[in-house]
RNA sequence: CGGGGCGUAGCGCAGCUUGGUAGCGCGCCUGCUUCGGGAGCAGGAGGCCGGAGGUUCGAAUCCUCUCGCCCCGACCA
């Protein structure tokens, strides 16, 4: 491809709207252009990379027996009503009516469609197991898109669905998908961390997310430095920490704590660490007040709490709701609570005794709060947020670390959530009717591309791994008007292409500085420069984008050198 | 949906406080010169100042409403 013909233009300055590195570079390098919030056009360079990622995905999915299909984006709402998701999913599901006034949706995922398909096709156990996948546009009217391609409202997802006769078969297949996922990401130049994940609105019995650890990631992940434990912070847990226990429980007594409402203030005022306090956090769970008791130094994990309460409608309770139950904000007490309030305690209430807690009276707290003070505290569960430095729940000496990650993919053991809702059965070899078991597996393709840039770049631009680079090499002609030199470069361009290499040829009448800077920005793996100076040095200059070193190859052997270098750097 | 920020030429921005119908840098076009890390000179094109309404003799500038974009939070395969 001649750069003079390429439909793309670079920016000299960083686009103001972009914050994350990949967003900046994708715009700056002329790879994507925005159409609206979270909606982008892929220009030729980005599309070539996207296609390479897709090709890798297809190879790996085919390798584990996947069969590619393509399902519709436009779905009758009826299907989604069948599984209940038409109602349960919020406005990120785009709903509309067709010309005949039938309710329709734009698919944000394809469990409904594929499960319906399966129920029409599956008759016998002989057809099981199988796995279908597609790479299809997904529409999600995200409440908040951001970060360029990292989180968008219309995107490409590889989604796969496997169907099994029993759980054992799903359990056997699931690790194969896991391995295929690792291969896909590694082939794209990423080394993701697979973490145990919350299943969210998808449901199911187990799931893993594949996290690319970078600062710009939206998720918090937790991992152990000793064993393999890794989890999304949403559902991570830790082992009981070391804590102080007084030899005996004392009787509670009130202490004056004027104008000290936050745990921090109270602890400082009374001269105790926050771990010796018990704090109260109120939630509105679908209109009901829930009182959460948790040790003062630990944060409530709302995902865990929501899972425990089996609700997705969970917000901090407003003053109205508190007042209604006669609770004094800032001094709320886990003692003497009205019967109307549900109490949920984090397991950390057992990590110590004689705590400081609220007195439910402005300006007062109580000393020596113990679990025995309130017999109504019976729900003691793990709803705390894991902190960096906490002890690993799985091994002896491990310490947990927290980091940020981009969710590249997510795999689920769905079980029968959808096959139950849609009655998908098969006949076993005894002629008995059995429920089909499902797994589902997603990868965000554009997000994966963004993640590659987040990981592979420097201050001058992208540094593509060859596997997903839009072209293999960037050929620069510094002919300065010399027709001979130009002819040599044209000849080399032809030879490189004839050798099967994908070449981006900067044939523009631009100054060397512009060409070098654009080459760095585009970030193709290898830069090949032909100029008066390079000829004087003995041929053409070869420079890897990822390295500072420059090698000279004789002009008549340039193609061989290029191939050798590219092949040697094939794996990034 | 809450909180914050921003909409002026393709990109980055100034002008707005103190109203007088728009400017800078880069990019773009033409010519000449130049040619190894974003060249020089000369000439040129390009903007209903996001939109609507209002105040005013007069609005990019003041007021009201609205739309869009970005960030944080809520939310979220």
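In my numbering, the protein residues as written are 140 to 711. Note that the Cβ used here is the ideal one computed from N, Cα and C, for glycine as well. For clarity, every value in this text was computed on a predicted model and none was experimentally measured.
- Between residue 693 and residue 547, the gap from beta carbon to beta carbon reaches 8 angstroms or more.
- For residue 301, the enclosing beta strand (DSSP E) has its first and last residue at 293 to 303.
- If you look at residue 272, you'll find it in the beta strand (DSSP E) that goes 269 to 278.
- The residue among 628, 500, 393 with its C-alpha nearest the C-alpha of residue 618 is 628.
- Listed in chain order, the non-local C-beta contacts of residue 449 below 6 angstroms within the same chain number zero, local neighbours out to five positions each way being set aside.
- For residue 188, the enclosing alpha helix (DSSP H) has its first and last residue at 183 to 202.
- Under DSSP, residue 668 takes part in a beta bridge, and its partners are 615, 680.
- About 5 angstroms separates the CB atoms of residue 453 and residue 424; that is less than 8 angstroms, so the two are in contact.
- Nearest in C-alpha terms to residue 154, of all of 463, 247, 587, 173, is 173.
- Annotation for residue 515: 482 place their beta carbon closer than 6 angstroms to its own, counting only its chain and skipping 5 residues before and after.
- For residue 403, the enclosing alpha helix (DSSP H) stretches over residues 402 to 409.
- In this structure, the beta-carbon distance from residue 258 to residue 561 falls below 8 angstroms.
- Apart from sequence neighbours up to five positions away, the residues of its chain that approach residue 296 with a beta-carbon distance below 6 angstroms are 277, 581, 583, ordered along the chain.
- With fewer than 16 other beta carbons inside 10 angstroms of its own, residue 695 counts as exposed.
- In the three-state reduction of the DSSP assignment, residue 708 falls in the coil class, being assigned neither a helical nor a strand state.
- Residue 636: member of the alpha helix (DSSP H) spanning 622 to 637, first to last residue.
- Ranked by Cα distance from residue 435, the options 489, 465, 445 are led by 489.
- The beta carbon of residue 413 lies closer than 6 angstroms to those of 402, 406, 435, 436 in the same chain, with the five residues before and after it left out.
- In the three-state reduction of the DSSP assignment, residue 287 falls in the helix class, which pools H, G and I.
- Inter-residue distance for residue 349 and residue 646 is about 41 angstroms (C-alpha atoms, whole angstroms).
- Around the Cβ of residue 378, a 10 Å sphere holds fewer than 16 other Cβ atoms; the residue is exposed.
- For residue 574, the enclosing beta strand (DSSP E) begins and ends at 572 to 574.
- With fewer than 16 other Cβ atoms inside 10 Å of its own Cβ, residue 382 counts as exposed.
- At least 8 angstroms separates the beta-carbon of residue 345 from that of residue 270.
- When secondary structure is reduced to three states using DSSP, residue 546 falls in the strand class.
- For residue 362, DSSP records a beta bridge to 369, 540.
- The shortest C-alpha to C-alpha distance from residue 366 to any of 599, 683, 534, 664 is the one to 534.
- Around the beta carbon of residue 146, a 10 Å sphere encloses fewer than 16 other beta carbons of the protein chains shown; the residue is thus reported as exposed.
- In this chain, residue 213 is not harboured by any alpha helix (DSSP H); it is covered by the beta strand (DSSP E) spanning 213 to 215.
- The shortest CA-to-CA distance from residue 299 to any of 589, 210, 658 is the one to 210.
- In this structure, residue 608 lies near residue 188, with their beta-carbon atoms less than 8 angstroms apart.
- When beta bridges are read from the DSSP output, residue 552 appears opposite 345.
- Rounded to the nearest whole angstrom, the C-alpha separation of residue 323 and residue 602 is 19 angstroms.
- Around the beta carbon of residue 159, 16 or more other beta carbons lie within 10 angstroms, which makes this residue buried.
- If you draw a straight line from the Cα of residue 703 to the Cα of residue 184, it is about 24 angstroms long.
- Looking only at 149, 212, 303, the smallest Cα-Cα distance to residue 182 is reached by 149.
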